[in-house]
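Chains A and B, in that order, are what the protein sequence lines are.
Numbered as in our numbering, the first sequence ends at 259 without a single skipped number.
Numbered as in our numbering, the second sequence ends at 264 without a single skipped number.
In what follows, a single structure is set out as structure tokens and then discussed.
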Amino acid sequence: MRKPKKRGVSLTRKLLFVVERDVRLFFQYKAMVIMRAIWFVSQIAFFGLIASRMVAIEDYFRYYVGGLSTMTLYSAAIFIGFDIYEEAEHGVFEYLLSLPVSRRELVLGRSIGGGLRAFIYVGALICIALYVTGVANPLNLLLALFSLFLFAFGVSGMSITLAVAIKSSDRFDILMGVLDALVVRLSTAMYPLSVVKEANVFYGWIANFNPLTYASDLFRWGAGIESMLTFENPLLPLLGIIVFFAFFTFVGIVLYDKNIEGGGWQ
Amino acid sequence: MRKIVYILEHDFRNFFRYKWWLVGLISMNLADLFIMAIVYNYMLNPEITQQIKSYFNFFAPGLAVTGLFASAFMIGREVNMEKRREVHQYMLSLPMGRIEFAIGRVLSGGMRGMVYMSPLLATCFVFVGFPTLPQLGVIILVLFLLAMGISGLSIAMAVSTSSLDKFVTARGLVYYLLFFCSSVFYPFSLIEQLGQEGKFPMFLVTFARVNPLSNASDIIRAFLLGTPSFSVDMVICVLVFSLIFTLFAAFAYIRLIERG
Chain A
-6 MRKPKKRGVS LTRKLLFVVE RDVRLFFQYK AMVIMRAIWF VSQIAFFGLI
44 ASRMVAIEDY FRYYVGGLST MTLYSAAIFI GFDIYEEAEH GVFEYLLSLP
94 VSRRELVLGR SIGGGLRAFI YVGALICIAL YVTGVANPLN LLLALFSLFL
144 FAFGVSGMSI TLAVAIKSSD RFDILMGVLD ALVVRLSTAM YPLSVVKEAN
194 VFYGWIANFN PLTYASDLFR WGAGIESMLT FENPLLPLLG IIVFFAFFTF
244 VGIVLYDKNI EGGGWQ
Chain B
5 MRKIVYILEH DFRNFFRYKW WLVGLISMNL ADLFIMAIVY NYMLNPEITQ
55 QIKSYFNFFA PGLAVTGLFA SAFMIGREVN MEKRREVHQY MLSLPMGRIE
105 FAIGRVLSGG MRGMVYMSPL LATCFVFVGF PTLPQLGVII LVLFLLAMGI
155 SGLSIAMAVS TSSLDKFVTA RGLVYYLLFF CSSVFYPFSL IEQLGQEGKF
205 PMFLVTFARV NPLSNASDII RAFLLGTPSF SVDMVICVLV FSLIFTLFAA
255 FAYIRLIERG
């Protein structure tokens, strides 16, 4: 009777070790952490403030600050893929494979760790954003934060999936650059969906299915910036984020399990 | 002269080692132009539309300048890395004078920026319009001066900071201050207006006016769009920036490699 309980605890602990390692690793990149923070603050203080005068969107400053938080979360969560290449380059993979942790536990822990560390980091920046935008309904905000949590896990899972599938740091680097450019700009992080559709129907179509659109909209809904929301029902973007999270966590586990061994890393 | 060419060759080879990073940067720049600028076109305040007509046309020259800035700044990262790994000890053993070496590094940083910026400037000409030959000459000269100044600024920062963290932090501050407190993304009149309303510190308004990125973007706009009107002060601002940082960087770099 005691055995299954002991095994369960052990599994959670193994996951926790993996998560803890990835969180610690992230905060070793002090330069990256500082750069992102400076970028975030200067975007609010300069671009947000001045661009809000340039556009004819009501309350654009608060709208932009809301989107900025999810943009930062996205770029912090994607960083785990670069860690994987660092590990492959320095031979840490062999060490990780020798640990008494299964492949699945490892990838699940890394996905959670990648999302959690991004969330911890962006949490402080989100506090600044909420100070600027204000909070209308704390309950909505909690749901929004939960969805951002899932979004960060999903992005980490996506980053791991791509890193393990590509196995080439050069290709991964360029893919992430291009993906970042497209995912951020073809979303509602910076502008409302109605304007994106008006500018270009194809851009609008992509933005409609972009997880960053869902995350940005849910965060704005949680903070009470509801003037230009894409979806009337917040459950729809939440469902989109859950599907995104589940898909990339599952695919990430399968690919990591299959591809981690056998070398071929460039 | 030949020795400077060797330095240029060395730094260009290094530059093209980052080809994937460069492709990522170019795609980000093009996404800014062909997605962000197009969407912003549809959001413009009617008053601003009267002033700049199209955000796409307004932003295209600014984008060429930001591209130039980012690529010319890369030399600083390399110099900082050489300093931390003490590669400059090897550099000192090379059969060339300190002055030649320092000028070569600043020049290569600037030239790399010009090479990277060229397709962005060509895209700007194709979509916004072509300048006359003398105007093209002024644009190239101003952008070259700017590239040299940026290269000098990044080298000066690289040799004045002892660790990568400090360099990256200082770079972040300079980068975003020069980028966002300029007329690259928005007309200068908006910054001025915020300053007059007391929502933006006046020293930042002055900074935005003398910012070389503002002046270089506005010179291209003056020739291609006719607004703002061209003034010699714009060229002087870029020239002063370039002179200060090129000389300062050369001096600081020589001091660093001699100090060991």
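Ideal placement from N, C-alpha and C gives every residue a C-beta, glycine not left out.
Within chain B, Gly176, Tyr179, Tyr180 have C-beta atoms less than 9 Å from the C-beta of Trp32/A, given in sequence order. Sequence-distant partners of Met183/A (beyond 5 residues in either direction) whose C-beta falls short of 7 Å from its own C-beta, in its chain, are Tyr57, Gly60. For Gln197/B, the enclosing alpha helix (DSSP H) stretches over residues 192 to 200. Take Phe204/B, set aside five residues on each side of it, and the residues of its chain with a beta-carbon closer than 6 Å to its own are Leu198, in chain order.
For the options Ala122/A, Ile50/A, Val100/A, the alpha carbon positioned closest to that of Leu155/A is the one of Val100/A.
At a Cβ-Cβ threshold of 8 Å, Ala174/A and Tyr114/A do not count as neighbours. Its chain contains Asn133, Ala137, Leu222, Pro227 as the residues whose beta carbon lies nearer than 7 Å to that of Trp214/A, once the 5 sequence neighbours on both sides are disregarded; these appear in chain order.
Ile39/B reaches chain A at Arg178, Leu179, Tyr196, counting residues in chain order whose Cβ is nearer than 7 Å.
Taking all protein chains in view, the Cβ of Ala160/B is crowded by 16 or more other Cβ atoms within 10 Å, so the residue is classified as buried.
Below 8 Å, too few C-beta pairs join the region 145 to 155 of chain A and the region 179 to 196 of chain A to call them touching: fewer than three. By DSSP's assignment, Val48/A forms a beta bridge with Leu48/B. Interface flag for Leu194/B against chain A is set, since a Cβ pair is found closer than 8 Å. The criterion of a C-beta distance shorter than 8 Å is satisfied by Ile31/A and Gly176/B.
A distance below 7 Å between beta-carbons, with the five flanking residues on each side excluded, links Val128/A to the following residues of its chain, in chain order: Leu134, Ala216, Gly217. For Thr231/B against Gly156/B, the beta-carbon gap comes to about 31 Å, at or over 8 Å, which does not count as contact.
DSSP places Ile37/A in no alpha helix (DSSP H); its state is neither H nor E.
Exposed is the label assigned to Asp52/A, since fewer than 16 other Cβ atoms lie within 10 Å of its Cβ. Within chain A, the residues whose beta carbon sits less than 9 Å from that of Thr173/B are Lys23, Ala24, Ile27, Met28, Ile31, listed in sequence order. Using a Cβ-Cβ cut-off of 9 Å, Gly28/B is close to Asp166, Ile167, Leu168, Met169, Gly170, Val171, Asp173, Ala174 of chain A, given in chain order.
Scanning the region 30 to 85 of chain B from its first residue to its last, no whole beta strand (DSSP E) run of 3-plus residues comes out.
The Cβ atoms of Leu147/B and Met115/B lie no closer than 8 Å to each other. With fewer than 16 other beta carbons inside 10 angstroms of its own, Phe20/A counts as exposed. Distance from the CA of Leu48/B to the CA of Ile42/B, rounded to the nearest whole angstrom, comes to 11 Å. Under the three-state reduction of DSSP, Pro135/B is assigned to coil, being neither helix nor strand. In the structure shown, the three-state DSSP call for Gln93/B is helix.
The three-state secondary structure of Val236/A, taken from DSSP, is helix. According to the DSSP assignment, Glu79/A belongs to the alpha helix (DSSP H) that extends over 73 to 82.
The beta carbons of Gly153/B and Ser246/B sit closer together than 8 Å.
Against chain B, the beta carbon of Asn193/A has neighbours under 7 Å at Ile42, listed in chain order. Between the region 89 to 101 of chain B and the region 51 to 60 of chain B, the count of C-beta pairs closer than 8 Å stays below three; the two stretches do not touch. Cβ contact annotation for Gly147/A (same chain, cutoff 6 Å, sequence separation greater than five): Phe237, Phe238, Phe241, in chain order. Leaving aside the five residues that flank Ser45/A on each side, the residues in its chain whose CB is nearer than 6 Å to its CB run, in chain order, Tyr53, Phe54. The Cβ neighbour count for Arg259/B, taken over all protein chains shown within 10 Å, is under 16; the residue is labelled exposed. By the neighbour-count criterion, in which 16 or more other beta carbons inside 10 Å mark a residue as buried, Gly41/A falls on the buried side. Per DSSP, Val128/A is not a residue of any alpha helix (DSSP H), being assigned neither H nor E.
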